[in-house]
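Residue numbers (this note's numbering), protein chains in the order written: chain R, 45 to 143; chain P, 227 to 730.
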Amino acid sequence: MSTGWRDEVARVAALARIDLVPDELDRLAGELEVIVQAVAKVSQVVTPDVPATSHPVPLSNVFRLDVPVAPLDRDEVLAGAPEASEGKFVVPQILGEDA
Amino acid sequence: MDDLVRMSATELADALTNGQVSSVEVTQAHLDRIAAVDGAVHAFLHVCDDEALATAREVDRARSAGEDLHPLAGVPVAVKDVVVTHGVPTTAGSRILEGWVPPYDATLVTRIKHARLPILGKTNMDEFAMGSSTEHSGYGDTHNPWDLDRIPGGSGGGSAAAVGAYEAPLAIGTDTGGSIRQPAAVTGTVGAKPTYGSVSRYGLIALASSLDQAGPVTRTVLDAAWLHELIGGHDPLDSTSLTDPVPDLVGAARQGATGDLSGMRVGVVTELGGEGYQPGVLARFSEALELLTAAGAEVVEVSCPHFEYALAAYYLILPAEASSNLARFDGMRYGLRIEPSAGPVTAERVMAATRGQGFGDEVKRRIILGTYALSAGYYDAYYGSAQQVRTLVQRDFSAAYAKADVLVSPTAPTTAFRLGEKLDDPMAMYLNDVATIPANLAGVPGISVPAGLGDDGLPVGFQVLAPVRADDRLYRVGAALEAALESGWGGPLLAQAPELEVAR
Numbered sequence: 045m046s047t048g049w050r051d052e053v054a055r056v057a058a059l060a061r062i063d064l065v066p067d068e069l070d071r072l073a074g075e076l077e078v079i080v081q082a083v084a085k086v087s088q089v090v091t092p093d094v095p096a097t098s099h100p101v102p103l104s105n106v107f108r109l110d111v112p113v114a115p116l117d118r119d120e121v122l123a124g125a126p127e128a129s130e131g132k133f134v135v136p137q138i139l140g141e142d143a
Numbered sequence: 227m228d229d230l231v232r233m234s235a236t237e238l239a240d241a242l243t244n245g246q247v248s249s250v251e252v253t254q255a256h257l258d259r260i261a262a263v264d265g266a267v268h269a270f271l272h273v274c275d276d277e278a279l280a281t282a283r284e285v286d287r288a289r290s291a292g293e294d295l296h297p298l299a300g301v302p303v304a305v306k307d308v309v310v311t312h313g314v315p316t317t318a319g320s321r322i323l324e325g326w327v328p329p330y331d332a333t334l335v336t337r338i339k340h341a342r343l344p345i346l347g348k349t350n351m352d353e354f355a356m357g358s359s360t361e362h363s364g365y366g367d368t369h370n371p372w373d374l375d376r377i378p379g380g381s382g383g384g385s386a387a388a389v390g391a392y393e394a395p396l397a398i399g400t401d402t403g404g405s406i407r408q409p410a411a412v413t414g415t416v417g418a419k420p421t422y423g424s425v426s427r428y429g430l431i432a433l434a435s436s437l438d439q440a441g442p443v444t445r446t447v448l449d450a451a452w453l454h455e456l457i458g459g460h461d462p463l464d465s466t467s468l469t470d471p472v473p474d475l476v477g478a479a480r481q482g483a484t485g486d487l488s489g490m491r492v493g494v495v496t497e498l499g500g501e502g503y504q505p506g507v508l509a510r511f512s513e514a515l516e517l518l519t520a521a522g523a524e525v526v527e528v529s530c531p532h533f534e535y536a537l538a539a540y541y542l543i544l545p546a547e548a549s550s551n552l553a554r555f556d557g558m559r560y561g562l563r564i565e566p567s568a569g570p571v572t573a574e575r576v577m578a579a580t581r582g583q584g585f586g587d588e589v590k591r592r593i594i595l596g597t598y599a600l601s602a603g604y605y606d607a608y609y610g611s612a613q614q615v616r617t618l619v620q621r622d623f624s625a626a627y628a629k630a631d632v633l634v635s636p637t638a639p640t641t642a643f644r645l646g647e648k649l650d651d652p653m654a655m656y657l658n659d660v661a662t663i664p665a666n667l668a669g670v671p672g673i674s675v676p677a678g679l680g681d682d683g684l685p686v687g688f689q690v691l692a693p694v695r696a697d698d699r700l701y702r703v704g705a706a707l708e709a710a711l712e713s714g715w716g717g718p719l720l721a722q723a724p725e726l727e728v729a730r
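In structure tokens, the structure reads:
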């Protein structure tokens, strides 16, 4: 396994907001290398004239009736939160500076 | 009265309608069966004794009052834990959602409740439906009722094992790349993935939104048709929901069970067989084809040359969509929150610590892969090409359906392997889905029906695929094959399964 893949996993894990321990970085580096090599074959078969498909059964202009419906029960929603107070979610500080 | 837990859902529905048995008796019999065998099978993550019995009592009261009831009213059902249930814990097999109690019901659960089927509990699964063996659950393995040392398939191993072990007559599964059909194949049960958009995805904890589809997990084709009709149909809460009415699936299953398939063109997909498939799997497949021919079907061979690239495209599209969908597990609004052990406690660092601790290995693997495939510099080569392959796979299906009304293949290349056997080799695990994935990429419906036992005495599945919106063909062909095979076996395949030891 090259250090290139380990660095790549570390970069991507930061983008994905997942803390990985060193053992996980080592293991995922080897696995990602094998999997990426296997899935790279998709580029062998396509030519520029083939359109991309993002959805299997495309629909367009999907609207529902503009009628009010009951929202979720606030207390039930907040009961599942890690922390709540005064009818609101409590979250950590958003920005890194000026704690 | 026969042993209540061995009866099909259709038989139970008839017995309930005729007043031969009460829903409380039927529900209690299944709860007792769960208590007796689920210690060994571990199909359930949560059992709802009180709620199920309350629904059963309500059905019995309504029936004695002469109220109009759905045919399946009072027949119990198990629900895969990826489907949210109001007031009942829902984890999707992940520690990151441990103890979460949803504040709403999925649309399919609303329909089950409206029809008054007692919900027995929530079934085990690979974490966020990522896996083919249920070994990636955060809550322990589910065991195959045919051999407790073997995998029940995945991701819906819990639902398949629950119906296979007679713990439930009906169950709900979800199928993103084969998670209904492959578990059905390896447990000797029936599982159908409906046309994409024909069953609402509202309230499914999303894995890959353009691939996910919920469907029935049962012991008979007719039971699957009943449950599929119950949960299917348009839902304004899902913007990808088709507005078409649900076809007459029960009628199609009944028609198929008469054994007449004249006029039906059955296409054998060249690319879904041969190398990598066990000899016993291929032998049962050939025998099933002979039975379809004997029933009047015309068997033709069709080639789908781009299916060879489907697995690779799938393992780019799914991780890409999953990496986006699972961004919602950020430790803010529900589930686990872990604060970093050192340094500033910011939202971003809490999110990373929470996901580092709360997600299992396979989920991390796929989010990393998906984020990589979508990241700058790689997007066109990987995700872009995969979406183009998706077009080529759809074109293969269109060409094949010009020559055949349904396509067929083995559901999975092998029978159930041993727990732990493929856990350290992600690519080997991914290959289990090679025959089921093309359907998800194209949105077409598919069903797996038991085809007999492989050389190792374990179940083999036969897959039928139909064009988009032609789900009724699955049930016609599936029921015809089931009837022909069972007349040869002298009963259902599951009757050949070893008896599970009953805990007292």
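Built from N, CA and C at the ideal position, the CB exists for glycine as well. Predicted, not measured: the structure shown is a model, and the values here were computed from it.
| Check | Outcome |
| --- | --- |
| Status (buried if at least 16 other CB within 10 Å, exposed otherwise) for F270(P) | buried |
| Amino acids of chain P, ordered along the chain, whose beta-carbon sits closer than 8 Å to that of A54(R) | Neighbours of A54(R) on chain P: none; closest Cβ ~10 Å, over 8 Å. |
| Simplified DSSP state of L346(P), which is helix, strand or coil | strand |
| Whole-number beta carbon distance between A521(P) and G485(P), since they are thought to touch under 8 Å | 5 Å |
| Backbone secondary structure at S405(P) - three-state DSSP | coil |
| Option in A579(P), A568(P), Y541(P) and V416(P) with minimal Cα separation from G557(P) | A579(P) |
| Test: E120(R) CB closer than 8 Å to a CB of chain P | yes |
| Chain P contact residues for D117(R), given Cβ-Cβ distances below 9 Å | P329 and Y330 |
| Beta strand (DSSP E) runs contained entirely in the region 615 to 698 of chain P, provided each spans 3 or more residues | 632 to 636, 672 to 679 and 685 to 691 |
| Assigned exposure category for T349(P) - 16 Cβ within 10 Å defines buried | buried |
| Residue from P664(P), G313(P), T413(P) and G596(P) whose Cα sits closest to the Cα of S359(P) | T413(P) |
| Nearest to V389(P) (by Cα), restricted to the options S381(P), A710(P) and V443(P) | V443(P) |
| Nonlocal neighbours in the same chain, by C-beta distance under 6 Å from A241(P), ignoring five residues either side | V247 |
| S129(R): contacting residues in chain P (beta-carbon distance under 8 Å) | Residues of chain P passing the Cβ test: none, with the nearest at roughly 14 Å. |
| Validate contact between the region 242 to 262 of chain P and the region 280 to 291 of chain P using beta carbons, cut 8 Å, 3 pairs | yes |
| Chain-ordered neighbours of S87(R) on chain A, where CB pairs are closer than 8 Å | Judged by its chain identifiers, the structure shown contains no chain A, and its protein chains are R and P. |
| Touch test, the region 448 to 456 of chain P against the region 104 to 120 of chain R, Cβ-Cβ under 8 Å, three pairs minimum | no |
| Partner residues on chain P for L69(R), Cβ-Cβ distance less than 7 Å | What L69(R) touches in chain P: nothing, since even the nearest Cβ is about 10 Å away. |
| Helix, strand or coil at Q137(R) according to DSSP, with G and I counted as helix | strand |
| Integer Cβ distance of T617(P) from T97(R), believed to fall under 8 Å | 4 Å |
| Any chain P beta carbon closer than 8 Å to E77(R) | no |
| V53(R) beta carbon less than 8 Å from that of L73(R) | Leu is not the amino acid found at residue 73(R); the sequence shown has Ala there. It is a contact, given that the beta carbons lie within the stated cut-off. |
| G499(P), DSSP secondary structure in three states | coil |
| Short CB-CB distance (under 8 Å) between L544(P) and chain R | no |
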